[in-house]
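Everything below concerns the one structure shown next.
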Amino acid sequence: AAAAAAATRPAAQGSGGEEAPPPQPPPNRFLYHSALIQVGVCEPSLFCAEMGAAAVRMGSPPRVRLAAVAYLISLVKARTASLEPALPLVVEAVLRPLDPSVPSLRESSLGASTTALRELVRRYPMVHFNQPTQRLAVGTAEGVVLLYDLRTATKWRILQGHEAAVTALAFAPAGDTLASFSASEASLRWWAAGSSGLFSFLGLQGSCLGVTRVDCALPDAPGARVKIEWASPQSVGITCDNEALGFFTRPP
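My numbering puts the first residue of the sequence shown at 6, with every later residue one more than the last.
This is the structure we're talking about:
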């Protein structure tokens with residue numbers, strides 16, 4: 006009855022006598038969210054750039070800036086494996102709001118960015134965070150390892166040496182050494198990751214302390230999770246899906 010009454014009710018008139026437009030339905034947030042994530046899947050570089058810019062746009066309300074970081078998290082959750090080539094872009098977009106030169110932005114975004122970084126560390130074995138030094142390591146599909154300083158939200162070191170994608174990496178507990186493993190080239194590299202000595206004068210380029218050949222069978226199954234864990238200050242163990250593949254000692 007109500008629908009029939011509405012259908013026969015005279016159309017509302019505007020101030021000039023013209024017919025007023027019908028009311029618009031409320032936006033479907035689920036469809037909007039899905040469409041935006043699909044853009045991220047198809048164009049991760051563009052998506053990360055736009056979300057990173059939105060996260061630091063001071064003219065926007067705080068909820069809009071936080072939503073930009075939340076969309077980055079949603080993209081990571083939706084397309085974990087396919088985003089591995091774009092990991093540096095995702096990380097840099099998440100770090101942009103943590104710029105210490107804009108204290109109000111950093112303070113308001115710290116919770117959202119921290120949540121995003123934890124999600125990255127949890128999902129990707131080629132991403133690792135060291136609490137004592139506040140540094141984040143990211144292994145790339147090109148074989149480069151990037152170190153970020155979370156205190157300044159900047160890229161701190163570039164470690165070059167692998168000739169294939171980095172499969173997994175991990176800081177030593179003290180944060181002064183990093184081990185990175187490439188399954189494709191069957192090699193484990195050891196890097197200086199501290200701030201003292203000659204390393205502090207090398208600029209962005211880092212120092213490789215040695216290379217170890219990894220002669221162990223690796224599973225071919227897609228999605229197998231390889232992980233590095235430090236067993237001592239000079240040695241690490243490599244596991245795949247929680248099954249030990251071997252222990253390796255840093256070359257003298």
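Positions of the beta carbon are idealized from the N, C-alpha and C atoms, including for glycine.
(message) Spatial neighbours of VAL44 within its chain, please: C-beta separation below 6 Å, excluding the five flanking residues on both sides.
(response) If you number the sequence shown from 1, residue 44 lands on position 39. PHE52.
(request) Rounded to whole angstroms, what's the CA-CA distance from GLU48 to LYS232? Just pull it up for me. (result) In the sequence shown, residue 48 corresponds to position 43, counting from 1. In the sequence shown, residue 232 corresponds to position 227, counting from 1. Straight-line Cα distance between these residues: approximately 29 Å.
(request) Name the two residues that bound the continuous beta strand (DSSP E) containing TYR153. (result) The residue you call residue 153 lines up with position 148 of the sequence shown. Its beta strand (DSSP E) spans residues 150-154.
(message) By the three-class DSSP mapping on this structure, what secondary structure does GLY116 have?
(response) Numbered from its first residue, the sequence shown carries residue 116 at position 111. Helix at GLY116.
(request) Measure the C-alpha to C-alpha separation of MET63 and SER109 and round it to an integer number of angstroms. (result) Within the sequence shown, the letter at position 58 stands for residue 63. Within the sequence shown, the letter at position 104 stands for residue 109. Straight-line Cα distance between these residues: approximately 10 Å.
(message) Assuming VAL132 is part of the beta strand (DSSP E), what are its boundary residues?
(response) What you label residue 132 is simply residue 127 of the sequence shown in a count that begins at 1. Its beta strand (DSSP E) spans residues 132-135.
(message) Less than 8 Å between the C-beta atoms of SER114 and LEU71, yes or no?
(response) On the sequence shown, position 109 is the one that residue 114 refers to. On the sequence shown, position 66 is the one that residue 71 refers to. Cβ distance < 8 Å, so SER114 and LEU71 count as in contact.
(request) Would you decide whether GLY202 is buried or exposed? Buried here means 16 or more other CB atoms lie within 10 Å of its CB. (result) As a first step, residue 202 is located in the sequence shown; it is residue number 197 there, counting from the start. With a pLDDT of 48 at GLY202, under the threshold of 50, the modelled position of that residue is not reliable, and the figure given next carries that caveat. Answer is exposed; the Cβ neighbour count stays below 16.
(message) Let's see if you can read the secondary structure: which residues bound the alpha helix (DSSP H) around TYR164?
(response) Locating residue 164 in the sequence shown gives position 159, counting from the first residue. Reading the sequence as shown, one finds Leu at residue 164 and not Tyr. Segment 159-164 is the beta strand (DSSP E) holding LEU164; no alpha helix (DSSP H) there.
(request) Check VAL171 in the structure and name its three-state DSSP category. (result) Stepping through the sequence shown from its first residue, residue 171 is reached at position 166. It is coil, neither helix nor strand.
(request) List the whole-angstrom C-beta distance separating PRO102 from VAL69, where the pair is believed to meet the contact cut-off of C-beta under 8 Å. (result) Along the sequence shown, one-based indexing puts residue 102 at 97. Along the sequence shown, one-based indexing puts residue 69 at 64. Contact doesn't hold; Cβ gap of about 12 Å is too wide.
(message) Spatial neighbours of LEU209 within its chain, please: C-beta separation below 8 Å, excluding the five flanking residues on both sides.
(response) Residue 209 sits at position 204 when you count from the first residue of the sequence shown. The residues are LYS160, TRP161, ARG162, ILE163.
(message) Taking the beta strand (DSSP E) that LEU51 belongs to, which residues open and close that run?
(response) Along the sequence shown, read from residue 1 onward, the residue named residue 51 stands at position 46. That residue, LEU51, is in no beta strand (DSSP E); its alpha helix (DSSP H) goes 49-60.
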